[in-house]
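According to the numbering used here, numbering within the sequence shown proceeds without interruption in unit steps and concludes at 92.
Positions of the beta carbon are idealized from the N, C-alpha and C atoms, including for glycine.
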Amino acid sequence: MEEQTKRAIRDLGYYSSLGLSVALAIFIGVFTGVFLDRALGTGPKLMFVFLGLGILAGFRNIWHAKNRIERRDKEDTSDERSD
């Protein structure tokens, strides 16, 4: 298999799992908040705090994927210029 095809398959796997990682970060945040609310008797306060943290973690994953794309584009354009 060509190197470019291998890279495309690897990237496809990474980007297709991005949605799952965002959803998982949010669910982990919510479930952690619910667990702590029940254990400490604080009502839904901690659930909302950890929901916000889960959303931030999900967007952080998207941010890293965006930076990865930009880095790859820069590498590809610099490789084309050197050829």
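For this session: Verify whether the separation of the beta carbon atoms of I78 and V31 is less than 9 Å.
Result: As a position in the sequence shown, residue 78 is number 69, starting the count at 1. As a position in the sequence shown, residue 31 is number 22, starting the count at 1. No, these two residues do not count as a Cβ contact at 9 Å.
For this session: Report back the beta-carbon spacing between A66 and A17 to the nearest angstrom; my notes put them in contact at under 8 Å.
Result: In the sequence shown, the residue the question calls residue 66 occupies position 57. In the sequence shown, the residue the question calls residue 17 occupies position 8. With 8 Å as the limit, A66 and A17 do not qualify as a contact, their Cβ atoms being about 28 Å apart.
Exercise. For the alpha helix (DSSP H) that contains G38, what are its first and last residues?
Worked result: Locating residue 38 in the sequence shown gives position 29, counting from the first residue. Taken as a continuous stretch (DSSP letters only), the alpha helix (DSSP H) holding G38 covers 27-49.
Exercise. Taking the alpha-carbon positions, what's the T14 to Y24 distance?
Worked result: Taking the sequence shown and counting its residues from 1, the one referred to as residue 14 is at position 5. Taking the sequence shown and counting its residues from 1, the one referred to as residue 24 is at position 15. If you take the alpha carbons of T14 and Y24, they lie about 15 Å apart.
For this session: Give the secondary structure of E11 by DSSP, where H, G and I count as helix, E and B as strand, and everything else as coil.
Result: Start at 1 with the first residue of the sequence shown, and residue 11 comes out as number 2. DSSP places E11 in coil when its eight states are reduced to three.
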